[in-house]
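Input: a single structure, listed below in structure tokens.
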Amino acid sequence: MKNYLLLLLFVLTAGACARKNEFNEDDYKMDLRFAPPWGQTAICLPDEAQKTIVDDKGSVYYDYHKGPFNGFYIQLAAGLDSIEVSGVSQRLYSARVPVLLTSYQKKDILFSSEIFAVAPALKNSPADSCELPGGIYGYPHNDIILIHLKNLSAKDTSVVPRFFVHSVNPVFINNDKKTLSFDNRIHVSLPDGVRAIHKTKNASYHCIVEFKAMTLKAGEDSSLAIVINIGSKAVQIPSSVAAAVKYKFRAVDFWNTCNFPYDNITVPDSNIRNLLYSCIRNIYQAREIKNGLPAFQVGPTCYRGLWIIDGSFLLEAMTFLGQIKEVRNGIEYMISFQRQNGSFEIIKNHWKETGIVLWVISRHARLTGDRKWLESKWDRVTKAVAYIDMMRYSTMGDKNAPNYRLVPAGFSDGGLAKNTYEFTNVYWTLIGLKEAVEIAAMLNREKEKHLWQAKFDTMMADYRRAALRSSKVDSCGNRAVPIYMIDSCQLQRAQWAFCHAVFPGKIFASDDPLMRGTMNMLKCKESEGLVYETGWQDRGVWTYFGSFYAHAWLWLGDGQKAAKTMYAMANHASPTWVWREEQPVKSIPSYAVTGDMPHNWASAEFIRIVRHIIALERGEELHLFEALPPTWVKPGMKTALKGIYTEFGILDVNLTISEDGKKASIKVSLNSEGHKPPAQVVIHLDVLKGTGETLKCKSLFPVEKIITL
67 MKNYLLLLLF
77 VLTAGACARK
87 NEFNEDDYKM
97 DLRFAPPWGQ
107 TAICLPDEAQ
117 KTIVDDKGSV
127 YYDYHKGPFN
137 GFYIQLAAGL
147 DSIEVSGVSQ
157 RLYSARVPVL
167 LTSYQKKDIL
177 FSSEIFAVAP
187 ALKNSPADSC
197 ELPGGIYGYP
207 HNDIILIHLK
217 NLSAKDTSVV
227 PRFFVHSVNP
237 VFINNDKKTL
247 SFDNRIHVSL
257 PDGVRAIHKT
267 KNASYHCIVE
277 FKAMTLKAGE
287 DSSLAIVINI
297 GSKAVQIPSS
307 VAAAVKYKFR
317 AVDFWNTCNF
327 PYDNITVPDS
337 NIRNLLYSCI
347 RNIYQAREIK
357 NGLPAFQVGP
367 TCYRGLWIID
377 GSFLLEAMTF
387 LGQIKEVRNG
397 IEYMISFQRQ
407 NGSFEIIKNH
417 WKETGIVLWV
427 ISRHARLTGD
437 RKWLESKWDR
447 VTKAVAYIDM
457 MRYSTMGDKN
467 APNYRLVPAG
477 FSDGGLAKNT
487 YEFTNVYWTL
497 IGLKEAVEIA
507 AMLNREKEKH
517 LWQAKFDTMM
527 ADYRRAALRS
537 SKVDSCGNRA
547 VPIYMIDSCQ
557 LQRAQWAFCH
567 AVFPGKIFAS
577 DDPLMRGTMN
587 MLKCKESEGL
597 VYETGWQDRG
607 VWTYFGSFYA
617 HAWLWLGDGQ
627 KAAKTMYAMA
637 NHASPTWVWR
647 EEQPVKSIPS
657 YAVTGDMPHN
667 WASAEFIRIV
677 RHIIALERGE
687 ELHLFEALPP
697 TWVKPGMKTA
707 LKGIYTEFGI
717 LDVNLTISED
727 GKKASIKVSL
737 NSEGHKPPAQ
747 VVIHLDVLKG
757 TGETLKCKSL
767 FPVEKIITL
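Quick note, in our numbering, the sequence shown goes up one by one and the last residue is 775.
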């Protein structure tokens, strides 16, 4: 049965008491004020084996495998005097089109480049040698650097363009000085006019290609093209400016016509909207096809591969956007790693992975309403729960042990590396048991439902005893639970799994004192709107921890804290709309960074938090606009969801502010086929009217009204 809900709400102004709450607009402004000290951008194609990376100065990198050039074996850059330049600005052609535009001025010469991958790919061999040091094979690939030089002065000026090569492997130069080669696998096509090639050998092979000097008249510009052809069977594109321009516009058309779910979320803040577009595109750029199935991956370099925790939220975000077939294939790839004993353990002593996969299965089933699919996973679920039983049983030998009846000592991750008694594995195991109960309930398995509920209740009681024993009081007077049970660690370190236990785990009562104390401890440790030193990096912030943190506050009822934290996360992105995992705070003059970039767990988290500030499932209720930023309700603005998967069905929401700013129309439709519709829809009016009120609407009949602001 399909249940379509149409809501168009109307409320009269309530006088002085309806006066809008005051807010600081700067808290809801995306201006990249905390952008990372240096950045990387992916220009590769969707699902491609070749992952080309370009840094924030325009250097192009190949062969990531613990190499000396930011982890790569090869660094290539076009420029003037040096590979090291200052005053560089960089942006994308658009958020949907990863044609990278880089520019800087050197005296009177404006140097700029357009760097992009040839798209669609010139495919001719699916098993070519792409990134050989990492043992990665795939279709060949072509990148183009289109260089522009402009004389900004009022007189004729001479300029000598150069091309800089840093390589671990020998660089071979053809006799005609038209081609550079690496491993007979990467061939660089050079334009005419090469004057000299200066080749030196030291720890690596360095080469500087110097082109003939050109004289530019006042205001004149000139262009040249360099093509990097990757793969022993790659099509060898010659270096022609006319051809490069043609390929650029073909690439722009390719990216603009990609059938990605860009239109599922609409927000009035153009910067947030561009960030969402970039998040979606980067997820597809990092993805690969493995064993015939799409593998959603965190990043293109050090986090290239399957990571259970990261992948779980990537899969949820793409489910929201309706990419069900791709997500199903991704889940199949993930669960193929289940061991004979029922466990998942891709990272050693990451006992939490079993609980995480239980959440993945449960959440996907609830979002899609597909009981038949869920039934097909029942055996995997029962084996996973049996493994959790076995883990807990292994801790019952010593009643005085800190982890008694919980899980074995393990690896926390996310800021703490020691293998010890700790709580991240406990949190996600509890979440997994809770989700197993949900799965049993969805499949009417009453016996398992009650049995597993008892297991969860017992383990939760055991956790409470251990947490209270381990709790400490911070400098702000908050009693909080550190991640290590007995070893010393900063209170805020690695609290990612705690935030997940708040949401989406929902294992705590809203007034749980230790949970509230730990949340307030994190608030006490904030810097730049995020939690300071919660990840690996000292004197730094973990950028997308902001989403974990925002979600926890949203679930606890502080919508505006969630919205502000979302903007803080956005302001840690780079000018090309991607995140580094961790970076120093701005007050620390450091270039030290941690983790991959672009980081697509961050991409998934941003999609998740934007979706949830607009629409959030709370038990049997659908809540709308609970964390709506107040800057999104100005005259003429529109916020919308289209075809978003929820636990109640497929949701469309449209909030439109009138051009005069005096009225708002809200339209909601819901296709509940396969789902149980919500008991009611709760509209939050905090931002719309400043009253702190909600409108509760029955979901079985349409209401057509307008809100007077």
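Glycine included, each C-beta is placed from N, C-alpha and C at the ideal position.
Distance, residue j Cα to residue i Cα
| i | j | result |
| --- | --- | --- |
| T760 | M632 | 23 Å |
| K704 | D752 | 17 Å |
| H264 | M585 | 59 Å |
| S478 | P134 | 29 Å |
| F767 | A745 | Interpretation of F767 is limited by its pLDDT of 48, a score under 50 that renders its predicted location unreliable; the figure taken from the coordinates is listed afterwards. Taking the straight line from one Cα to the other gives about 12 Å. |
| Y598 | Q558 | 8 Å |
| I454 | T420 | 8 Å |
| Y328 | D122 | 26 Å |
| E512 | I505 | 10 Å |
| A629 | P695 | 6 Å |
| R471 | F672 | 36 Å |
| A383 | S669 | 9 Å |
| K484 | R157 | 40 Å |
| S765 | D335 | 30 Å |
| L73 | K312 | Low confidence applies here, because L73 scores a pLDDT of 40, under 50, leaving its location unreliable; read the following figure in that light. Near 49 Å, if we compare the C-alpha coordinates of K312 and L73. |
| I346 | K591 | 31 Å |
| D249 | G625 | 55 Å |
| K515 | N136 | 51 Å |
| E110 | R545 | The sequence shown places Cys at residue 110, rather than the Glu named in the question. Roughly 47 Å separates the two Cα atoms. |
Environment of residue i [buried if 16+ CB atoms lie within 10 Å]
| i | result |
| --- | --- |
| M663 | buried |
| L534 | exposed |
| C542 | exposed |
| N637 | buried |
| N666 | buried |
| N330 | buried |
| K755 | buried |
| Y139 | buried |
| R458 | buried |
| Y343 | buried |
| V539 | exposed |
Enclosing alpha helix (DSSP H) for residue i [first to last residue]
| i | result |
| --- | --- |
| Q556 | Per DSSP, Q556 belongs to no alpha helix (DSSP H) and is neither H nor E. |
| E739 | That residue, E739, is in no alpha helix (DSSP H); it is neither H nor E in DSSP. |
| G625 | 625-636 |
| R429 | 418-434 |
| D445 | 444-459 |
| H566 | 562-568 |
| D319 | 307-322 |
Closest by C-alpha distance to residue i, when choosing among the options
| i | options | result |
| --- | --- | --- |
| T712 | L433, S640, G758, N90 | L433 |
| L218 | R353, D174, M280 | D174 |
| G388 | V364, N357, G601, H430 | H430 |
| T118 | D147, V165, P570, Y657 | V165 |
| I349 | V333, L381, P334 | L381 |
| S247 | K189, S298, I732, V607 | S298 |
| Y529 | K513, E512, I549, V539 | I549 |
| I654 | I149, F611, R605 | R605 |
| S224 | D147, G571, S669 | D147 |
| A144 | L717, C590, L359, L167 | L167 |
| I374 | W444, K414, R339, H750 | K414 |
| L256 | L142, S724, I710 | L142 |
| L717 | V699, A730, G727, R677 | R677 |
| K572 | E683, V393, I303 | E683 |
Residue range of the unbroken beta strand (DSSP E) whose run includes residue i
| i | result |
| --- | --- |
| Q141 | 137-145 |
| T496 | The sequence shown places Leu at residue 496, rather than the Thr named in the question. That residue, L496, is in no beta strand (DSSP E); its alpha helix (DSSP H) goes 490-508. |
| F229 | 228-233 |
Beta carbon of residue i nearer than 8 Å to that of residue j
| i | j | result |
| --- | --- | --- |
| A284 | A220 | yes |
| A532 | M551 | yes |
| H416 | G476 | yes |
| I296 | Y128 | yes |
| I213 | P199 | no |
| W425 | S460 | no |
| F100 | E594 | yes |
| R646 | T609 | yes |
| R316 | A185 | yes |
| L596 | A634 | yes |
| V423 | I401 | yes |
| H207 | A187 | yes |
Neighbour flag for residue i against chain B, beta carbons, 8 Å
| i | result |
| --- | --- |
| P236 | Absent from the structure: chain B. Only one protein chain is present. |
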